[in-house]
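Below you'll find the structure, written out as structure tokens, and then a few comments.
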Amino acid sequence: MAKSSKISASHEPGGLIVHISGLLPSLSPAEQRVARLVVSDPADAARRTITDLATAAETSEATVIRFCRSVGMDGYPQLRIRLAAEAARRIEPPDARVVGGDIPPGADLAQIIATIAFNDARAVEETAEQLDPAVCELVVEAIGAAGRIDVYGAGASGFVASDFQQKLHRIGRIAFYFPDVHTALTSAALLGRGDVAVGISHTGTTSDVIEVLEQARARGATTVALTNFPRSPITDVADHVLTTAARETTYRSGATASRLAQLTVVDCLFVGVAARSRARTKKALEATAEAVKSRRVGPGRRRG
């Protein structure tokens, strides 16, 4: 079994706001209210006294202290200092009408485009910033040496799982993706030591993916979880945990920014695996490109 590489509560290479956003589902309801205020406007939160913040979150000062400890801070003074620093480095949207990442009622198409473009770009950038190279290295090593790789995902994460499987297959890796949970479970039951199972779930709570990863781990396979939330249930059945940093909005929950963030991680892993055996990768890519060459329409063909 591969060495465990789970993320600790204090691991926050991508910034405090990304760290808090990832931990939000694991907090109590009262702590979540504090977290949402902090995430939505770190500069404003940094200016508030503990009493002001507790009042704004409709909770107590004791809850604010518990929140600080839940996200790895010693106390409220440290949180204020960190929030002020975070606000100073925060990237502002190019369009002044893009506020908070959500799309307000009555927004015109230009505002919608600007908001989506800004938040998609931010999801990719923040995911890259907080992605742990050491954990990625362990995952790439496991995949590179694997006899077989199974990739699992449901819904929008299923598209990412399928993309990863296709990429690995193009460079000659034995990889499979099973969209149906029954075939996924039977496939996982046939995995063993030396194989790798990758489960992709934005929320980390998708039971189909969790159960399949659990089955693979029971059979001795190395398990990898890709999720947005480092304390989510899927991490309990994973040897290695990789996280994204996507913040979904009203119209895009769990479907768009998260998918782009997941694809960023998948691309990093794919290139990492491919780069370990350049000659083999080059040969496989040339062979697969040649195989579909005749299916492409040449420049001389035009529609009538």
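Heads up: the sequence shown at position 85 corresponds to 85 in the UniProt record's numbering, and the numbers run straight through without jumps. Every residue gets a Cβ at the ideal spot worked out from N, C-alpha and C, and that includes glycine.
Confirm, please, whether the CB-CB distance from residue j to residue i is below 8 Å.
i	j	result
V241	P230	yes
V135	V181	no
D239	V224	yes
S157	S201	yes
G204	T244	no
R170	L285	yes
D120	L260	yes
A123	A257	yes
Can you list, in chain order, the residues of its chain whose CB lies under 7 Å from that of residue i, leaving out five sequence neighbours each side?
i	result
L263	V160 and D163
R80	A46
I17	V39, P42 and E86
A57	R33, V34 and L37
I20	A35, V38, V39 and V71
V64	V34, I50, L53, A54 and Y76
R280	G172
E290	none
Taking the continuous alpha helix (DSSP H) assigned at residue i, which residues delimit it?
i	result
residue 308	The structure shown does not extend to residue 308, since the chain spans only 1 to 304, so no value can be given for it.
D150	It is not in any alpha helix (DSSP H) - D150 instead sits in the beta strand (DSSP E) that spans I149 to G153.
V181	V181 to A188
T281	R278 to A291
L242	First-last for L242: H240 to T243, but that is the beta strand (DSSP E), not the alpha helix (DSSP H).
A88	Y76 to R89
Counting only the same chain and skipping the five closest in sequence on each side, list residues whose C-beta sits under 8 Å from that of residue i.
i	result
S253	Low confidence applies here, because S253 scores a pLDDT of 45, under 50, leaving its location unreliable; read the following figure in that light. So the list is empty, once near-sequence residues are dropped.
L24	Q32, A35, R36, V39 and F229
V140	L269, G272, V273 and R276
L185	E211, V212 and Q215
P299	none
So, at 6 Å on beta carbons, what are the nonlocal neighbours of residue i in its own chain, with the 5 sequence-adjacent residues on each side left out?
i	result
A275	none
S26	R231
T222	A2, A142, V196 and D239
T206	A154
Could you spell out where the beta strand (DSSP E) holding residue i opens and where it closes?
i	result
A175	A175 to Y177
V196	V196 to I200
T205	Neither: T205 is in no beta strand (DSSP E) and is coded neither H nor E.
A225	T222 to T227
Check: If you pair each beta-carbon of the region 186 to 202 with each one of the region 288 to 301, do three or more pairs fall below 8 Å?
Finding: no
Note to self: For the region 164 to 180 against the region 146 to 156, do three or more pairs of beta-carbon atoms, one drawn from each stretch, fall closer than 8 Å, so that the two count as touching?
What the structure shows: yes
Check: Which runs of the alpha helix (DSSP H) spanning at least 4 residues fall entirely within the region 16 to 63, listed in chain order?
Finding: 16 to 23, 29 to 40, 42 to 47 and 50 to 56
Check: Looking at C-beta atoms only, is the number of pairs between the region 126 to 141 and the region 264 to 283 that lie closer than 8 Å three or more?
Finding: yes
Next item on the list: Within the region 102 to 142, note down every full alpha helix (DSSP H) run reaching 4 residues or more, in order along the chain.
Entry: 109 to 130
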